[in-house]
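Protein chains in written order, with this note's numbering: chain A, 32 to 334; chain B, -9 to 404. For every residue, glycine included, the Cβ atom is placed at its ideal position computed from N, Cα and C. Bear in mind that the values here come from a model prediction, so they are computed numbers and not experimental data. Encoded as structure tokens, the structure appears first; notes follow it.
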């Protein structure tokens, strides 16, 4: 086993607050109109074992706009389909000259495994139910466009916390900066154990979580997850859907976030999704400079 | 066999501290082994008979040969159910016991309880027992069906052959590679909840209480909740026994860290309160034996995503060191109790006559160890072909200095 290569981004949990700030500041300095060729000549492999629209395209645009060559490798149509192991795929990509690998994988810890055995930076683009660090970083970037600081901020995260890598990364990041996070959702999705992830997390009822919130993050409801529980879709909508009415409980300047893809009429109403407090489209937009910063860091750039 | 030297007719082990729990001996004694048996145990320098060879055991503990109830030997061909082939017939038991297998230690086969370990049709317990099987089990494939388990226990009572249960309600543990708790949540892994073990132990103990003479042995018990049922069974005089592994009393699920597949085994590492309960049960007699569940795996089975990695770790080389380090040094459990958990305890569980004891006439199986020797386990120097141990680099106190099987020294620490 090797030491993890410098510039790897495996998760938020192990990052120090100072390092997170550096990435966010670097992202803010990115000029999207005229990006600097910070990755000229670098080969960036986008290794995607799971479908993805926004994460994949924004990593690809981020890499290309800094002059990198990108190659997309997906599980279908590659040797992965023939049963090649993750590490053998990694060694192969290294041998063809990859300078870094951005990996999305359905199994938790897949990026850690790659990083322990390869000598190039590994960037986690989402692994199972574990972490989605670039999403947490772009969300922090988005929050800081609207709020002065993360410290003391009241954040409500609503929905299926248990199965969500977005929630895990967000909890790690925001608590490192002293935000107060309330988790809420049906008990099946928000068991007691969720509050053990970091200091500064509490599990509360919906109304309590929303009251006085500065930021409301909604998570996608996966219908196939509901199938395994006693929970009915109508009940979820009745108790946890974000409506204009419920939004009034939060601070007047609260923002509504969602990692996407959103399902209008399920976790939120169309009114909220398109309303003045929604920053959902902003988040997608902010994915590009944030991922430019992540990739530049992986490429060995001082950030 | 290449290693079969002509065995000495007699061996005198001199000046060692004999710990023989079966005979309540805990004193400096000399031990004379002759013709494959224990000839005499007596105060120092009191043995008059001459011996062909002498072993200077001063400063060392002389114990009956250690017995491990749960070893997956993995000789190409293999030696425990959940093997290919499954040891579900007399022919396979016979094959396992052939001298060509080349075992330098005593190997006692544990046969499958149901055909192909499929949990549907019982094997021929009587025939397997006659062929040499000391117990039956479907190990990694627990017997979930109440009627099948009841039938197994009924036969076990008639034949006095233990049914070894890997207690896991697999209906509750699908895709669950580690213990259910804060660490599994942090890592985004599905948790294997202790209730899936405790529920099966509870049911099995209830059945064992209902069936005359039923012999139930709970393999690698890992959870505090499971101990309750075992205690209840013992209190009610049911013939219920259990074993605990060194890794379960040493490491908690936090050791998984960031997906260390060498900490992946089944049952998984549990919480710190579970460890405390196991240690207490090892001390107070609830637990009958320490067993390793030694399970070697090739690196390609472990260097994969955590959820895809094979369950299991090696354990033979670290068992005694971990027991002395954790149970004796840290928790002050007396050495005689620890020796009991490795000798007379397991011998009683599988009714191995003339084993686990230094009574005159017993088999001349002796383990000589240094309870104070400090050493560091280096997995790259392991005698196993496999490297899947979570204890690499761990400092241990207590080391086996010599292993004597049938009166012959088969291992000696340099």
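Selected residue, minimal CA-CA separation from residue i, among the options
i, options, result
"residue 43 (chain A)", "A:169, A:240, A:317, A:271", "A:169"
"residue 262 (chain B)", "B:297, B:145, B:169", "B:169"
"residue 326 (chain A)", "A:95, A:262, A:34", "A:95"
"residue 110 (chain A)", "A:184, A:210, A:123", "A:123"
"residue 92 (chain B)", "B:386, B:177, B:63, B:294", "B:63"
"residue 78 (chain B)", "B:58, B:57, B:112, B:56", "B:112"
"residue 108 (chain B)", "B:86, B:95, B:133", "B:133"
"residue 228 (chain A)", "A:203, A:235, A:236", "A:203"
"residue 209 (chain B)", "B:196, B:309, B:235, B:140", "B:235"
"residue 37 (chain A)", "A:61, A:60, A:132", "A:132"
"residue 202 (chain B)", "B:149, B:246, B:219, B:251", "B:149"
"residue 274 (chain B)", "B:385, B:220, B:289", "B:220"
"residue 154 (chain A)", "A:104, A:314, A:76, A:108", "A:76"
"residue 3 (chain B)", "B:54, B:12, B:328", "B:54"
"residue 137 (chain A)", "A:91, A:78, A:90, A:149", "A:78"
"residue 251 (chain A)", "A:277, A:198, A:230", "A:198"
"residue 22 (chain B)", "B:350, B:330, B:194, B:83", "B:350"
"residue 37 (chain B)", "B:26, B:20, B:25", "B:20"
"residue 311 (chain A)", "A:171, A:237, A:119", "A:171"
"residue 392 (chain B)", "B:33, B:48, B:35, B:15", "B:48"
"residue 292 (chain A)", "A:82, A:151, A:68", "A:82"
"residue 64 (chain A)", "A:97, A:244, A:151, A:283", "A:97"
"residue 233 (chain B)", "B:381, B:255, B:332, B:247", "B:332"
"residue 274 (chain A)", "A:143, A:314, A:305", "A:305"
"residue 251 (chain B)", "B:264, B:290, B:266, B:267", "B:290"
Residues that residue i contacts on chain E, provided the C-beta gap is smaller than 7 Å
i, result
"residue 116 (chain A)", "Absent from the structure is chain E; the protein chains it does hold are A and B."
Whole-Å CB distance - residue i paired with residue j, under 8 Å assumed
i, j, result
"residue 316 (chain A)", "residue 93 (chain A)", "Between residue 93 (chain A) and residue 316 (chain A) the Cβ distance is about 12 Å, and since that is not below 8 Å, they are no contact."
"residue 127 (chain B)", "residue 154 (chain B)", "4 Å"
"residue 241 (chain A)", "residue 205 (chain A)", "Not really, about 17 Å apart at Cβ, beyond 8 Å."
"residue 95 (chain B)", "residue 400 (chain B)", "7 Å"
"residue 171 (chain B)", "residue 243 (chain B)", "6 Å"
"residue 205 (chain B)", "residue 152 (chain B)", "4 Å"
"residue 279 (chain B)", "residue 339 (chain B)", "6 Å"
Sub-8 Å separation of residue i and residue j beta-carbons
i, j, result
"residue 161 (chain A)", "residue 139 (chain A)", "yes"
"residue 186 (chain A)", "residue 216 (chain A)", "no"
"residue 286 (chain A)", "residue 246 (chain A)", "yes"
"residue 229 (chain B)", "residue 198 (chain B)", "yes"
"residue 156 (chain A)", "residue 86 (chain A)", "yes"
"residue 237 (chain B)", "residue 259 (chain B)", "yes"
"residue 28 (chain B)", "residue 352 (chain B)", "yes"
"residue 191 (chain B)", "residue 216 (chain B)", "yes"
"residue 0 (chain B)", "residue 46 (chain B)", "no"
"residue 105 (chain B)", "residue 130 (chain B)", "no"
"residue 61 (chain B)", "residue 306 (chain B)", "yes"
"residue 394 (chain B)", "residue 360 (chain B)", "no"
"residue 424 (chain B)", "residue 162 (chain B)", "Not covered by the structure: residue 424 (chain B). The range shown for chain B is -9 to 404."
"residue 80 (chain A)", "residue 125 (chain A)", "no"
"residue 224 (chain B)", "residue 276 (chain B)", "yes"
"residue 6 (chain B)", "residue 50 (chain B)", "yes"
"residue 294 (chain A)", "residue 54 (chain A)", "no"
"residue 299 (chain A)", "residue 249 (chain A)", "yes"
"residue 210 (chain A)", "residue 184 (chain A)", "yes"
"residue 332 (chain A)", "residue 149 (chain A)", "no"
"residue 221 (chain A)", "residue 230 (chain A)", "no"
"residue 177 (chain B)", "residue 122 (chain B)", "no"
Can you give me, in chain order, the residues of the segment 219 to 250 of chain A that have a beta carbon less than 7 Å from any beta carbon in chain B? Per Cβ criterion, the list reads 224, 225, 227, 228.
With 8 Å as the limit, tell me which residues of the segment 189 to 204 of chain A have their beta carbon closer than that to any beta carbon of chain B; keep them in chain order. 193, 196, 199
Short-range partners of chain A found in the segment 239 to 256 of chain B, where Cβ spacing is below 7 Å: 248, 249
Taking any Cβ of chain B, which residues in the segment 138 to 158 of chain A have a Cβ under 9 Å from it, in chain order? 138, 139, 140, 141, 143, 144, 147, 148, 158
Taking Cβ-Cβ distances below 9 Å as the criterion, which residues of the segment 380 to 392 of chain B are in contact with chain A? none
Near-chain B residues of the segment 159 to 190 of chain A (beta-carbon distance less than 9 Å), N- to C-terminal order: 159, 160, 161, 162
Would you list, in chain order, the members of the segment 194 to 214 of chain B that have their beta-carbon closer than 8 Å to a beta-carbon of chain A? none
At 3 residues or longer, what runs of the beta strand (DSSP E) sit wholly inside the segment 205 to 291 of chain B? 205 to 208, 229 to 234
Counting only runs that start and end within the segment 234 to 264 of chain A, where is the beta strand (DSSP E) found for 3 or more residues in a row? 246 to 249
Please list the segments of the beta strand (DSSP E) lying wholly inside the segment -8 to 37 of chain B, counting only runs of 3 or more residues, in order along the chain. 0 to 10, 15 to 24, 27 to 32
Residue ranges of each beta strand (DSSP E) within the segment 82 to 113 of chain A, 3 or longer: 100 to 105
Would you list, in sequence order, the uninterrupted alpha helix (DSSP H) runs of no fewer than 4 residues that lie entirely inside the segment 114 to 151 of chain A? With a minimum length of 4 residues, the continuous alpha helix (DSSP H) runs that stay inside the segment 114 to 151 of chain A are 117 to 126, 141 to 148.
Where the segment 175 to 190 of chain B meets chain A: residues whose CB sits under 9 Å from a CB there: 175, 176, 177, 178, 179, 180, 181
Which runs of the beta strand (DSSP E) spanning at least 3 residues fall entirely within the segment 182 to 237 of chain A, listed in chain order? 185 to 189, 211 to 215, 232 to 234
Listed from N- to C-terminal order along the chain, which residues in the segment 296 to 321 of chain B have their beta-carbon within a distance smaller than 9 Å of any beta-carbon of chain A? 296, 297, 298
Where in the segment 35 to 62 of chain A do unbroken runs of the beta strand (DSSP E), each at least 3 residues long, occur, reported from the N-terminal end onward? none
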